[in-house]
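So the protein sequences, as listed, match chains A and B. Each residue of the first sequence is one higher than the one before, counting from 1 in the working numbering. Each residue of the second sequence is one higher than the one before, counting from 1001 in the working numbering. The C-beta atom is built at its ideal place from N, Cα and C for all residues, glycine as well.
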Amino acid sequence: MIAAATSNPVLDELREKIASLEGAGSRKRSVLPFGVRELDAQLPGGGLAYGALHEVAGGGNGAVDGAAAALFIGGIAARTTGKVVWCLTRFDLFFPALAQVGLHPDRVIFVECDKEETVLASFEEALRYGGLGAVVAELVRLPMTASRRLQLAAEKSGTLGLVIRRWRRQTEASDFGLPTAAATRWRISVLPSEPLPVPGIGRARWLAELMRVRAGEGGEFIIGACDGQGRISLSSDTADRPDQARRSFAVS
Amino acid sequence: MIDADPVADLATLERLTLWALSQYSPVVAMDPPDGIVMDTDGADHLQGGEELMLSGLVNRFRGRGLAAHAAIADTWGAAHALARTTDRETVIVGRGETAKAVNRLPLSSLRLPAETVAGLRTLGFATVADLAVTPRAPLTLRFGPEVGLRLDQMFGRIAEPIDPIRPAELVEVQLSFAEPIGAPETIEKYVSRLVRQLCLELEKRGLGVRRADLIVHRVDNTLQSLRAGTAKPVRDIAWLTKLFRDRIEKIEPGFGIEKLSLAAIIAEPLVDVQSASSLVEEQVTDVTPLIDVLGNRGGQRIFRVAPVASDVPERSVHRIAPTADEDGATWPMHWPRPTRLLTRPELIEVIALLPDHPPVSFTWRGKRRRVKRADGPERIFGEWWRRGSEWIAVRDYFVVEDDTGERFWIFRSGDGVDVETGSHKWFLHGVFA
């Protein structure tokens, strides 16, 4: 576990040195916490870093429809302040769902592009602009070079860059294993909803896999879907889960 | 019967030309007595391509009760001739196909004086092709140099620059160079200098630019133009410079540029506003400059979405301009709504109890799913005031969750009892997160 770092002065000094080498030394990088202790502990700084790129994909069928990934990102964007720019190639979002996680339609500007390349260019332009709450892009491919450019653009302006990876076919999703310059990489898969005492569907639950995080270790969490303010919560009820082993939060 | 009024005709033509200047292209000129000529190179993409631009143009004229013919060709001469001889409303000649398109046109389309045309007819010439293959020297000897000139202009052997029309109150700044310039950095430097001058001029008049044109005059007497539009009046130097700087690579300096001119084609009043300064309130950054930068690139549509008071899901969202007023309206939050909505509801096969039970299982895209949990129905009625066929139409929406936890939004067309209300087929309409 690195999250509970011991306060070793030598290590602190070294970290400072590395941070200044990375070029972010002059500006203190802030984070957007999830407000879930277990999740924030896995992320350096205690939350999603501003001025960085974050990748989210759906698991299973979600790799194609990207529904859970979009809502997860919608919840994150809802908790930021300022305008949100959302770049995509095909507009099949149903905005009422995003409004239900607290993202107001007045805040979101959509950029519907003809080609993937245009999405990348618009995404980068919006990241460079600065002063936006978050910039979201729905992308099929994210090559290393492109992601590095985007990461640099985000670092420079301090904007939160969010990428929804979404493929045409489920088999193409293996692309998600390739390295990119993103600071974190998530996979959000749907799980059966929280059981209710009456027939019906309870709060949706997701399996959030933090597959990669720069300067940190990944983990798996069972979370309750975003509420009206875009907040997620750790799902306490696991009575419905056959595989209890998955509840290990920290992979030490 | 109305008497011809050439003066009024010319005045109207000028008005139309000025309108075309603000709408279509930076380089527009009158082609009296009855035409307008435009250089649309690099401007058509803003109207969705040449074809759409041309048909849109003709339709807009027709809407005002004017019959118009329009043609696009490589040269002024060819376009002029085609627009005046064709029966069709629009003609587009591809690049390099001018010769093929104009060969069979009559001599009268060559923009020659009437007596020259008559003289040529007497000699037995009927079409442009006849004239094009005849030796030049005897023709020039007999009719003067104009015949050869018009032919060369039509086939693009001689450049024929269009002298763009300029309204009287136009705000325009120019820079002439003693030595032609060509390097991108140099162009960039002078463009930013022009922008600064233009902004000063605009400030004097209390105007902001909505549409600006940069016209590049090359030493070989050809023009190139760049147009940039903004979503609201602008007088910000950095913002305007950025709009042009993005596209400086598109300028082809050729043998060199001798003059640059920058004009505010559409300018609107822009008054200084004092911004309220508050220490507590958080500043929300204005994104209009970003919208302009993205919008001037082409290849994308920028919009916001806004609610429509309709229960039918696909009608409840519509697109509005990104700079539209923010009225804070949103959708009612009573019922769960899917994150992704299919453009068209997809037919599914279900096993379900009628009238108001959710399905036990359903097959979508070849995969059978057992329904573990469900919520519903949420009944949505057709909007009879839109279409007669929706008079008693009903959709019953259910949220269903399958074994693996995937959640879908499905509906049955019809209320489950009365066949009049729908076909009782089931459809999948959206995917929940």
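Assumed close pair residue i, residue j - CB separation to whole angstroms, cut-off 8 Å
i	j	result
A/L150	A/F123	6 Å
A/A225	B/W1331	Contact flag wrong, Cβ pair sits at about 18 Å.
B/R1407	B/F1427	Not really, about 16 Å apart at Cβ, beyond 8 Å.
A/G163	A/L139	The residue asked about is misnamed: residue 163 of chain A is Val in this sequence, not Gly. Going by Cβ atoms, the distance from A/V163 to A/L139 rounds to 6 Å, so yes, they are a contact pair.
A/T89	A/E116	6 Å
B/E1188	B/R1150	Not confirmed; about 39 Å, so no contact.
A/W206	A/A68	6 Å
B/H1069	B/E1089	6 Å
Residue-chain proximity (residue i, chain B), Cβ-Cβ < 8 Å
i	result
A/T118	yes
A/A99	yes
A/S26	Below a pLDDT of 50, predicted positions are generally treated as unreliable, and A/S26, at 45, falls in that range; the measurement from the model is reported next regardless. So no, A/S26 is outside the interface.
A/V136	no
A/I109	yes
A/H104	yes
A/S30	no
A/V163	no
A/P192	yes
A/K50	Per the sequence shown, residue 50 of chain A should be read as Tyr rather than Lys. It does not; no Cβ of chain B falls within 8 Å.
A/E22	no
A/F221	no
A/P96	yes
A/G200	yes
A/G82	yes
A/L127	no
A/G131	yes
A/L71	yes
A/A4	A caution first: A/A4 carries a pLDDT of 49, below 50, which makes its placement in the model too unreliable to give a value.
A/I18	no
A/S122	yes
DSSP state of residue i mapped onto helix, strand, coil
i	result
B/S1413	strand
A/G177	helix
B/I1002	coil
A/A68	helix
B/G1323	Correcting the residue type first, residue 1323 of chain B is Thr in the shown sequence and not Gly. Three-state result, B/T1323: coil.
B/M1333	coil
B/S1310	coil
A/S233	strand
A/G228	coil
A/D40	helix
B/W1426	strand
B/D1009	helix
A/H104	coil
Continuous beta strand (DSSP E) stretch holding residue i: start and end
i	result
B/F1362	1359-1364
B/C1199	No beta strand (DSSP E) holds B/C1199; the alpha helix (DSSP H) holding it covers 1184-1205.
B/V1367	A small correction: the amino acid at residue 1367 of chain B is Lys; Val does not occupy that position in the sequence shown. Segment 1367-1381, the beta strand (DSSP E) holding B/K1367.
A/G222	At residue 222 of chain A the sequence reads Ile, which differs from the Gly that was named. Segment 219-224, the beta strand (DSSP E) holding A/I222.
B/I1181	1171-1181
A/R212	205-213
B/G1229	1223-1234
A/D12	Run containing A/D12: none in the beta strand (DSSP E); it sits in the alpha helix (DSSP H), 9-21.
CB contact check: residue i to chain A, cutoff 8 Å
i	result
B/G1299	yes
B/I1410	no
B/T1339	yes
B/T1017	no
B/R1304	yes
B/L1487	As displayed, chain B neither begins before 1001 nor continues past 1433, which places residue 1487 of chain B out of reach and without an answer.
B/R1379	no
B/A1321	no
B/G1229	no
B/A1067	no
B/K1372	yes
B/D1294	The amino acid occupying residue 1294 of chain B in the given sequence is Leu; Asp does not appear at that position. Yes, because at least one Cβ of chain A sits closer than 8 Å to the Cβ of B/L1294.
Run of the alpha helix (DSSP H) containing residue i, from where it starts to where it stops
i	result
B/H1080	1076-1085
B/W1384	Per DSSP, B/W1384 belongs to no alpha helix (DSSP H) and is neither H nor E.
B/Y1397	Per DSSP, B/Y1397 belongs to no alpha helix (DSSP H); it is in the beta strand (DSSP E), 1394-1402.
B/V1128	1128-1132
B/K1259	It is not in any alpha helix (DSSP H) - B/K1259 instead sits in the beta strand (DSSP E) that spans 1257-1269.
Proximity below 8 Å, CB of residue i to CB of residue j
i	j	result
B/V1102	B/A1081	yes
B/G1208	B/P1233	yes
B/A1306	A/P105	yes
B/I1291	B/T1343	no
B/R1136	B/G1148	yes
B/L1105	B/T1127	yes
Contact with chain C by residue i, beta-carbon distance below 8 Å
i	result
A/D92	No chain C appears in the structure shown, which is made up of the protein chains A and B.
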